[in-house]
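Enquirer:
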Amino acid sequence: MREEMAQREAAELLRGHRKPRSPHGWGLLVALWLLAFYEPVVTEGHLRRKNLEFIFIRFSAWEFAGCDKLWAGLVTTLCHRIRQHFGALPLSVFHVLGSRPRFASGFSQREWILKKGTCLRLWGLLLVLGVGIGILLVALLVPGIKDHHALKVVGSAVASLSGSSLVLGALSILKNFMVSEKKKIERLTNSERFAGQLGFMSKIRGEVEVLVDFLAFMEVFERRRLRVVLEITGLDLCYPEKVAGVFNAMATLLSDANAPFIFLLAVDPSVIVPCLEQTGCMKGLADNGYLYLNRAVTLPFSIPEMGARSRLRSVEAAIQTREDLLYRIIAGNVAKSRGVPAAPGWKEADSEAVAWIHEAFRCLHDGADVLSRYLPENGANVRRIVNTIPITLRLLLHRSGASGILSPRAAAAWVVLADRWPCRLSWTLQCLEDAGQSLPAADSFGKSLWSIFRENAGELSALRQPLAKVLSLDADPELFQAFLARDFPFSAAEAREFLGVTVNLDHSIRHQMGLLRGMDRL
Numbered sequence: 000m001r002e003e004m005a006q007r008e009a010a011e012l013l014r015g016h017r018k019p020r021s022p023h024g025w026g027l028l029v030a031l032w033l034l035a036f037y038e039p040v041v042t043e044g045h046l047r048r049k050n051l052e053f054i055f056i057r058f059s060a061w062e063f064a065g066c067d068k069l070w071a072g073l074v075t076t077l078c079h080r081i082r083q084h085f086g087a088l089p090l091s092v093f094h095v096l097g098s099r100p101r102f103a104s105g106f107s108q109r110e111w112i113l114k115k116g117t118c119l120r121l122w123g124l125l126l127v128l129g130v131g132i133g134i135l136l137v138a139l140l141v142p143g144i145k146d147h148h149a150l151k152v153v154g155s156a157v158a159s160l161s162g163s164s165l166v167l168g169a170l171s172i173l174k175n176f177m178v179s180e181k182k183k184i185e186r187l188t189n190s191e192r193f194a195g196q197l198g199f200m201s202k203i204r205g206e207v208e209v210l211v212d213f214l215a216f217m218e219v220f221e222r223r224r225l226r227v228v229l230e231i232t233g234l235d236l237c238y239p240e241k242v243a244g245v246f247n248a249m250a251t252l253l254s255d256a257n258a259p260f261i262f263l264l265a266v267d268p269s270v271i272v273p274c275l276e277q278t279g280c281m282k283g284l285a286d287n288g289y290l291y292l293n294r295a296v297t298l299p300f301s302i303p304e305m306g307a308r309s310r311l312r313s314v315e316a317a318i319q320t321r322e323d324l325l326y327r328i329i330a331g332n333v334a335k336s337r338g339v340p341a342a343p344g345w346k347e348a349d350s351e352a353v354a355w356i357h358e359a360f361r362c363l364h365d366g367a368d369v370l371s372r373y374l375p376e377n378g379a380n381v382r383r384i385v386n387t388i389p390i391t392l393r394l395l396l397h398r399s400g401a402s403g404i405l406s407p408r409a410a411a412a413w414v415v416l417a418d419r420w421p422c423r424l425s426w427t428l429q430c431l432e433d434a435g436q437s438l439p440a441a442d443s444f445g446k447s448l449w450s451i452f453r454e455n456a457g458e459l460s461a462l463r464q465p466l467a468k469v470l471s472l473d474a475d476p477e478l479f480q481a482f483l484a485r486d487f488p489f490s491a492a493e494a495r496e497f498l499g500v501t502v503n504l505d506h507s508i509r510h511q512m513g514l515l516r517g518m519d520r521l
């Protein structure tokens, strides 16, 4: 979108159009002058303009999840960011003196028309103020007239009445300058007496309409189109009623056909749809959340499957956030150069752990390594894997040391296995534990994890109904088979070694499976 802005701006200048202007610096004085004394006009030339500016506003619903009205947080964020972008003074003056642009009659190219009524009222007030001050000065200074109290009263009354009108206008601008739209909405939201009335939404709508009119004014002033882009994220982390409130706020903001708003809604439909279906906004839509989304979203874009190169870039970005590893290396080099002695045994153990971690990350980031093919497409899952690998390797070295049986690559593969297939891995480990309790340890240690899962797959299929939610966490079952049967054939002994240091697997899943197996065998 930023590239599109730059390209359109350059193309508009090549066509010979006037250069856009900004409401900052000298442009601020011009904007205030036009706000006070001129009325903007939308001409045919303005409608033909192709250059535009996107005003990006990020709204994380999770940050406002604790408030009673999440949609009010969306509106206040919108007001606050627009006020920050253009400045508080132009918006305050617009509240008092500004007017919404009107469309030109015919093919007139005049974009600004003098406000004759405003000018006449201003000149009239100044004239009356001057007359009042003149009468007051005459009554106070001219000999022979100073004793006439009536003339003093008339002069002071005329001057004070005309001056008070100017002072009230200045105070209105100062009030809007000091009290932002965000504070106004927050006061309305906190007012229990007013929040329950029908006029509450009309007040909110009034504040939004002022913003829309102000943006229309700034379009004519800046000589380009303006679009406010609201990026809404974190909505799938909120309560169902909060989710419905944000959709209602979006509908309120988009109710005007000419509203300059674009919403980028980044959500997981599988999470949002059940939230919408639990609220009352589904009435009349047969309780179908997908139908509601289809009517609310005008341009659906489902992110396609991530390719191998994109996965490696995601892993690289997640690894670069591990500043602790970089810090340890730099600190170790500094200590080495200064000859600072390290604690006995700590330096060797820590350097060995860092070496293992870097080796594991190298395997993850190596496109030629088969492990990179099993990385998840979700960036959050990739970061979780990257954050888990150092902890797992440090615990593994602390428990057993570098015995040579397990390698950094194997540990990274185990972390990936626990993240991608938590249900199937938990089932396999539970079956391994039950088999170890009934058979000698040597008999179960020699088996592979895949053979144990295959022997007990039928029992897992019989319990798929009580384990449906846990099974939905797993990735592709065919990839699970390829992972354990071909690429990483972990043995039962290796699994027992890794189990003690596995921190990214919910062990309550395995305990639930143990209870279900015991009840099924009664």
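The numbering of the sequence shown is numbering that gives the first Met the number 0, which starts it at 0 and goes up by one.
All residues carry an ideal CB built from backbone N, CA and C; glycine is no exception.
Keep in mind it's a predicted model, so treat the numbers as computed, not measured.
What is the C-beta distance between Ala484 and Trp449, in whole angstroms, given that I count them as a contact (C-beta under 8 Å)?
Expert: 4 Å
Enquirer: Quick one: Cα of Arg109 to Cα of Val40, how far?
Expert: 7 Å
Enquirer: Rounded to a whole number of angstroms, what is the C-alpha to C-alpha distance between Ala169 and Leu113?
Expert: 21 Å
Enquirer: I'd like the list of long-range same chain contacts for Ser471, defined as Cβ closer than 6 Å, with 5 residues on each side in sequence excluded.
Expert: none
Enquirer: If we ignore side chains and look at the alpha-carbon of each, how far apart do Glu432 and Arg520 end up?
Expert: 16 Å
Enquirer: What is the DSSP secondary structure of Val227, counted as helix, strand or coil?
Expert: strand
Enquirer: Quick check: the Cα distance between Thr251 and Leu126, rounded to an integer number of angstroms?
Expert: 46 Å
Enquirer: Per the DSSP calculation, Glu38 is bridged to which residue(s)?
Expert: Ile112
Enquirer: Given a cut-off of 9 Å on the beta-carbon distance, is the pair Leu478 and Ala412 in contact?
Expert: no
Enquirer: When you compare only the Cα positions, how much space is there between Ala9 and Gly44?
Expert: 17 Å
Enquirer: Buried or exposed: where does Arg14 fall if 16 or more other Cβ atoms within 10 Å of its Cβ makes it buried?
Expert: exposed
Enquirer: What are the residues that DSSP puts in a beta bridge with Ile54?
Expert: Val227
Enquirer: Confirm, please, whether the CB-CB distance from Asp212 to Gly97 is below 9 Å.
Expert: yes
Enquirer: For Ser447, list the residues DSSP reports as bridge partners.
Expert: Ser490
Enquirer: Across which residues does DSSP place Ser59 in a beta bridge pair?
Expert: Thr232
Enquirer: Report the rounded CA-to-CA distance for Lys202 versus Val209, giving the unit in angstroms.
Expert: 11 Å
Enquirer: To which residues does DSSP link Phe102 through a beta bridge?
Expert: Val41
Enquirer: Thinking C-beta only, is Phe220 closer than 9 Å to Leu33?
Expert: yes
Enquirer: How is the beta strand (DSSP E) around Ile261 delimited, first residue to last?
Expert: Where Ile261 is concerned, the enclosing beta strand (DSSP E) stretches over Phe260 to Leu264.
Enquirer: Does the Cβ-Cβ distance between Leu225 and Leu51 come in under 9 Å?
Expert: yes
Enquirer: Between the segment 349-358 and the segment 420-435, are three or more C-beta pairs nearer than 8 Å?
Expert: No: the two stretches stay apart, fewer than three of their Cβ pairs being nearer than 8 Å.
Enquirer: Once the 5 residues before and after Phe487 are set aside, which same chain residues still bring their CB inside 6 Å of it?
Expert: Ala412
Enquirer: I need the DSSP call for Leu514, collapsed to helix, strand or coil.
Expert: In the structure shown, Leu514 sits in a helix (DSSP, three-state: H, G or I).
Enquirer: Between Gly26, Ala352 and Ala35, which has its C-alpha nearest Arg120's C-alpha?
Expert: Ala35
Enquirer: Look up Asn287 in the DSSP assignment and say whether it is helix, strand or coil.
Expert: coil
Enquirer: With a threshold of 16 other CB atoms inside 10 Å of the CB of Asp267, please say whether the residue is buried or exposed.
Expert: Exposed: under 16 other Cβ atoms inside 10 Å.
Enquirer: For Pro19, which three-state DSSP category applies?
Expert: coil
Enquirer: Quick check on DSSP: helix, strand or coil for Met249?
Expert: If DSSP states are grouped into helix, strand and coil, Met249 belongs with the helices.
Enquirer: Could you check what DSSP says for Arg14 in three-state terms: helix, strand or coil?
Expert: coil
Enquirer: Does any CB atom of chain B fall closer than 9 Å to the CB of Ser301?
Expert: In the displayed structure, chain B is absent; only one protein chain is listed.
Enquirer: Near Arg308, what residues of its chain come up, given a Cβ to Cβ distance below 8 Å and the 5 sequence neighbours on each side ignored?
Expert: Gly366
Enquirer: Measure from the alpha carbon of Ala491 to the alpha carbon of each residue in Ile318, Val502, Ser447 and Asp505, then state which is nearest.
Expert: Ser447
Enquirer: Tell me, to the nearest whole angstrom, how far the beta carbon of Arg516 is from that of Gln436; I am working on the premise that it is less than 8 Å.
Expert: Contact check for Arg516 and Gln436: beta-carbon distance about 12 Å, past the 8 Å limit, so the pair fails to qualify.
Enquirer: Take the Cβ of Leu466 as the centre, count every other Cβ of all protein chains shown within 10 Å, and call the residue buried at 16 or more, exposed below.
Expert: buried
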